[in-house]
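Trainee: Before I ask anything, let me first share the structure, which is written out below as structure tokens.
Printed below as a string of structure tokens:
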């Protein structure tokens, strides 16, 4: 079981001060947040990929390489790598390079991206989102496993005897998660290959996540990768922590009320009841997080969103201090070692190779 | 395409017609009146009453449930902004999903259905009304809006794959002039209710209707199909 944070790299005005960080500040903040995450004992930091304002995270592997050079232990991942609009050949090369530079301390999560206008900038069409995800990953999967690839598909130039370089570290492809909110095709894809499935979780009611995860688990077993309960599941989460419940709620409310994704809609209290968002003390976050297992089963990766909606860097770093306490308690409750030496995802990757 | 993917669902899924007598048909009346008393609610009640009466005359048993959208207004806006429904909105959606037929009644605002009325159907999961008989009705201050049934409501429910009944019921202020529905309006109400009860005999049980996730799974085929594009 791994614990970490994921970010989408949004540049959002802090609604309490009216201050908007520059792109430079936001990019450097991502690095500082990652270093702090390692310091407080988290296992994973995942960065996003977006190609339109207000996001700065268009080049995840550049950011990951820089973070990797400044950290020693924490694993780097993505949330998500766009499998639809990024050439799978470039994904194969970029992430294999990263794998070498980081001595294997990385994996990646594939996603489709739901911003329609972005697709045509890369010569694609959002209406082909699922077929793009399926075909592009089929190619990526081969590029990491076969030295000479002949390829012909609908969406990119054919390849003849093509070798993606560098070859994956020790001949073992990076571990892949497939992220989706509500497309069973993506859960099926993850199950077909025996890869991980990550449910975004945070903007939807638990009943929805439960169904997607259950479907993936059954299909994972169907495709012969092991028992359903051993399928590799990851969940998102969203927290804001305080020393007291009231402090957390009062501090987070202006960010919640103005958040780009759900602001000006439900109350903080309603949204907290309806989705996994938890605002409160470390003990409250521990209890809520443990409750996810009641409907998702034993799972392998829990990522928290803590740095969006204009929350300033200083606050995010303080949140990480508290999140470190949360994760220590969660490991304790789950009977896990204080610092995992071998993560389930990494061992799953090993057995699949 | 090969056989649909087998998937045994153990978590709670679409609300279906669980736990009721086989031959009781459930009609859900959705009304978007804002004032109290509202002529929209009044018309909705008359349609419900007529449906029950005609059903009884024909030896059928109908259970009527009411969904009044005014009480859901905040929740509907939240659902628009978050992309999912919860609480009372989710409960109302479940009622509609478990209905054998729907009566939809809206006031006319700016020459069409009201925004509140439309929002309810905007956030209703796709497929909920597939093949479901829908009786459309509207109220307005003037008879000059009467074509709203055919220019606005009918296309909306056709798009949602509902079966819109031939008779829609429109009531303008003048139809209530005598202190209640006049005889011409009552005739239209009874005719529409008769068509609704006729349709109820042939409807599929709601449990057979699939929700969006089930439909997506059923439509996708095997992974080899997906790989083959």
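Chains as they are written, first to last, in the UniProt record's numbering: chain H, 1 to 353; chain S, 1 to 229. We put the beta carbon where it would ideally sit given N, CA and C, even for glycine. None of these values were measured; they are calculated from a predicted model.
1. Could you give the first and the last residue of the continuous beta strand (DSSP E) run that contains residue 66 of chain S?
2. Looking at C-alpha atoms only, which residue of H/107, H/56, H/13 and H/99 is the closest neighbour of residue 258 of chain H?
3. I'd like the list of long-range same chain contacts for residue 360 of chain H, defined as Cβ closer than 7 angstroms, with 5 residues on each side in sequence excluded.
4. Near residue 102 of chain H, what residues of its chain come up, given a Cβ to Cβ distance below 7 angstroms and the 5 sequence neighbours on each side ignored?
5. Is the region 244-253 of chain H touching the region 211-228 of chain H in the sense that three or more CB pairs, one from each, lie closer than 8 angstroms?
6. Which value, in whole angstroms, describes the spacing of the CA atoms of residue 224 of chain S and residue 223 of chain H?
7. Could you have a look at residue 64 of chain H and say whether DSSP puts it in helix, strand or coil?
8. With distance defined between alpha-carbon atoms, name the residue in S/63, S/195 and S/82 nearest to residue 265 of chain H.
9. Between residue 117 of chain S and chain H, is the shortest Cβ-Cβ distance under 9 angstroms, so that the two count as touching?
10. Starting from the beta carbon of residue 224 of chain H, find every residue of chain S whose beta carbon is closer than 7 angstroms, and list them in chain order.
11. For residue 169 of chain S, which three-state DSSP category applies?
12. Using a C-beta to C-beta distance shorter than 7 angstroms, which residues of chain H count as neighbours of residue 227 of chain S?
13. Go ahead and pull the three-state DSSP assignment for residue 93 of chain S.
14. Tell me whether residue 113 of chain S sits in a helix, a strand or coil according to DSSP, three-state version.
15. For chain S, find out if any of its Cβ atoms is closer than 9 angstroms to the Cβ of residue 270 of chain H; answer yes or no.
16. So, is the C-beta of residue 183 of chain H closer than 9 angstroms to a C-beta in chain S?
17. Please list the partners that residue 203 of chain H has in chain S, where partner means a Cβ-to-Cβ separation under 8 angstroms.
18. Going by C-alpha to C-alpha distance, which of H/142, H/78 and H/74 sits closest to residue 161 of chain H?
19. Determine, for residue 189 of chain H, whether the minimum Cβ-Cβ distance to residues of chain S falls below 9 angstroms.
20. Quick one: measure Cβ to Cβ for residue 96 of chain H and residue 151 of chain H, integer angstroms, because I've assumed they're closer than 8 angstroms.
21. Using a Cβ cut-off of 8 angstroms, pull out every chain H residue sitting near residue 217 of chain S, in sequence order please.
22. Which class does residue 5 of chain H belong to by DSSP, given the choice of helix, strand or coil?
23. Taking the beta strand (DSSP E) that residue 198 of chain H falls in, what are its first and last residues?
24. Would you mind reading off the limits of the beta strand (DSSP E) that contains residue 270 of chain H?
25. Which of the three DSSP states is assigned to residue 19 of chain H in this structure?
26. Do you know how far the Cα of residue 49 of chain H is from the Cα of residue 59 of chain H?
27. Grouping DSSP H, G and I as helix and E and B as strand, with all else coil, what is residue 238 of chain H?
28. Across which residues does DSSP place residue 304 of chain H in a beta bridge pair?
29. In this structure, does DSSP put residue 120 of chain H in helix, strand or coil?
30. Which two residues bound the contiguous beta strand (DSSP E) that contains residue 140 of chain S?
31. Closest by CA to residue 45 of chain H, which one among H/304, H/289 and H/132?
32. Straight-line CA distance for residue 132 of chain H to residue 120 of chain H?
33. What's the gap between the Cα of residue 16 of chain H and the Cα of residue 254 of chain H?
34. Along the chain, where does the beta strand (DSSP E) that runs through residue 26 of chain S open and close?
35. What do you get for residue 171 of chain H, buried or exposed, if any count of 16 or more other CB atoms within 10 angstroms of its CB means buried?
36. Please report the distance separating the alpha-carbon of residue 130 of chain H from that of residue 110 of chain H.
Mentor: On the basis of the data shown:
1. Its beta strand (DSSP E) spans residues 61-68.
2. Among H/107, H/56, H/13 and H/99, the Cα nearest to that of residue 258 of chain H belongs to H/13.
3. Outside the shown range of chain H (1 to 353) lies residue 360 of chain H, about which nothing can therefore be said.
4. Around residue 102 of chain H, the same chain offers 68 and 76 as residues with beta carbons nearer than 7 angstroms, after the five sequence neighbours per side are excluded.
5. In short, these stretches do not touch, since the Cβ pair count stays below three.
6. Inter-residue distance for residue 224 of chain S and residue 223 of chain H is about 12 angstroms (C-alpha atoms, whole angstroms).
7. Looking at residue 64 of chain H - three-state DSSP - the assignment turns out to be helix.
8. Ranking S/63, S/195 and S/82 by Cα distance to residue 265 of chain H puts S/82 first.
9. No - not a single Cβ of chain H is within 9 angstroms of the one on residue 117 of chain S.
10. Neighbours of residue 224 of chain H in chain S, taken as residues at a C-beta separation under 7 angstroms, are lacking, since the least C-beta distance is about 12 angstroms.
11. The three-state reading of DSSP puts residue 169 of chain S in strand, counting E and B together.
12. Listed by position along chain H, the residues whose Cβ is nearer than 7 angstroms to that of residue 227 of chain S are 134 and 138.
13. Residue 93 of chain S falls in the helix class under three-state DSSP.
14. Residue 113 of chain S: strand per DSSP, three-state reduction.
15. Taking CB atoms only, residue 270 of chain H has a neighbour in chain S less than 9 angstroms away.
16. Judged by the 9 angstroms Cβ criterion, residue 183 of chain H is in contact with chain S.
17. Close partners of residue 203 of chain H in chain S (Cβ separation under 8 angstroms): 82, 83 and 84.
18. It is H/142 whose Cα lies nearest to the Cα of residue 161 of chain H.
19. Residue 189 of chain H counts as touching chain S.
20. Their Cβ separation, rounded to whole angstroms, is 17 angstroms, which puts residue 96 of chain H and residue 151 of chain H out of contact at 8 angstroms.
21. Within 8 angstroms Cβ-Cβ: 184 and 215.
22. DSSP, reduced to helix, strand and coil, places residue 5 of chain H within a strand of the structure shown.
23. 196-199 is the extent of the beta strand (DSSP E) around residue 198 of chain H.
24. Where residue 270 of chain H is concerned, there is no enclosing beta strand (DSSP E), although the alpha helix (DSSP H) it sits in stretches over 268-274.
25. Residue state for residue 19 of chain H is assigned as coil, using DSSP reduced to three classes.
26. If you draw a straight line from the Cα of residue 59 of chain H to the Cα of residue 49 of chain H, it comes to about 6 angstroms.
27. For residue 238 of chain H, the secondary structure class from DSSP, reduced to helix, strand or coil, is strand.
28. Paired residues: H/5 and H/237.
29. Helix at residue 120 of chain H.
30. From DSSP, the beta strand (DSSP E) with residue 140 of chain S extends over 133-140.
31. With respect to the C-alpha of residue 45 of chain H, the residue from H/304, H/289 and H/132 having the closest C-alpha is H/304.
32. Roughly 13 angstroms separates the two Cα atoms.
33. Taking the straight line from one Cα to the other gives about 7 angstroms.
34. Residue range 24-31 is occupied by the beta strand (DSSP E) that includes residue 26 of chain S.
35. Residue 171 of chain H is exposed by the Cβ-count criterion.
36. So the two alpha carbons sit approximately 12 angstroms from each other.
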